[in-house]
Amino acid sequence: MTETADSRSRVERYDPSAIEPRWQGEWAAQRLYETDLDDVRRRVTARTKAVILCSPHNPAGTIIPRAPLRRFLDALGDDSPLVVLDEAYCDFVDDPEYPDGVELLAQYPRLLVLRTFSKALGMAGLRFGLALAHPAVARELAKGKLPYNVNLVTLAAAGAVLRHADALAERAREIVETRQRFMARVRGLRGLTLFPSAANFVLIRCEGAPARDVFRRLLDEDGILVRDVSSSPDLADCLRISIGTPDDMDAAAAALERILG
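Here it is, written out as structure tokens:
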């Protein structure tokens with residue numbers, strides 16, 4: 029039996045037996061939704077085949093800074109399990125301490141970096157992503173890859189997106205600016221805790237009213253749909269708010285001020 033150490037803690041749950049009957053996983057702790065890499069390291073055993081890290085994290089939006097990540101990878105040593113680093117939201121990060129996983133590949137051959145065209149590049153409906161890894165790891169992954177797993181339409185769309193990468197990068201920067209402005213506006217609201225975010229969404233905890241009530245009022249009174257994640261044990265009374273246009277976020281901030289004020 030193999031093991032997988034996962035940094036998501038209890039924030040996101042699934043039944044491992046639904047994926048692989050012999051899978052055995054370990055959830056690692058998070059403090060204020062920041063990944064505790066020391067705890068992840070303690071959970072790695074001789075049977076661990078993969079460690080899964082998410083940075084920025086979904087739904088928290090927090091990152092794993094460069095120095096702790098390097099210390100973690102160094103501590104695992106040359107005989108490390110595969111370390112899967114999911115960077116789906118990396119295009120929205122503005123923190124100088126955020127590491128570029130691709131730049132780490134030359135030093136850490138057991139690192140596997142995941143990227144997607146579904147977020148900043150706007151191809152969620154076509155489900156296109158990529159894995160970047162040491163050639164030896166890539167060869168092993170290729171053995172399990174289905175033939176023709178990406179269709180020609182998706183490949184053509186991905187090529188078009190790459191030809192317009194500069195324009196899409198500018199759009200991502202605009203989303204970051206809108207996120208910063210929205211966070212600055214709601215940070216001081218009574219009855220609300222705002223968590224740091226480096227993604228295209230923010231996580232808030234509703235303390236002035238139950239999250240389910242805030243969710244319902246935002247939808248019914250203002251036509252604003254957010255994601256209610258409060259049913260997760262580690263996300264009690266939390267809502268995840270995606271970053272839209274500046275007008276969208278002004279409306280969301282005003283609605284939160286009215287509901288929680």
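Quick note: to get the numbering used here, add 28 to the position in the sequence shown (first position is 1). Beta carbons are placed, not taken as given, at the ideal position from N, Cα and C, and that holds for glycine.
Asked	Found
Close beta carbons around residue 207, own chain, < 6 Å, minus the five adjacent residues each side	271
Runs of beta strand (DSSP E) wholly within the region 235-285 (minimum 3 residues, chain order)	266-270
Contact set for residue 228: own chain, Cβ-Cβ below 6 Å, skip 5 residues either direction	120, 203, 271
Coil, strand or helix - residue 73 by DSSP	coil
Local conformation of residue 214 per DSSP, three classes	helix
Which of helix, strand or coil DSSP assigns to residue 172	helix
Straight-line gap, residue 283 to residue 87 (C-alpha atoms, nearest Å)	22 Å
Secondary structure of residue 203, DSSP reduced to three states	helix
Backbone CA spacing between residue 159 and residue 68 [nearest angstrom]	22 Å
Residue of 81, 70, 73 minimising C-alpha distance to residue 61	81
Residues of its chain near residue 149, where Cβ-Cβ distance is below 7 Å and the 5 sequence neighbours each way are ignored	189, 196
Proximity below 8 Å, CB of residue 226 to CB of residue 126	yes
Where residue 280 falls, given that 16 or more other Cβ within 10 Å makes a residue buried	buried
Beta-carbon gap between residue 116 and residue 151 smaller than 8 Å	no
Buried or exposed by the 16-neighbour rule on C-beta atoms within 10 Å, applied to residue 192	exposed
Alpha helix (DSSP H) runs contained entirely in the region 131-182, provided each spans 4 or more residues	163-172
Bounding residues of the beta strand (DSSP E) (the contiguous stretch that carries residue 114)	110-114
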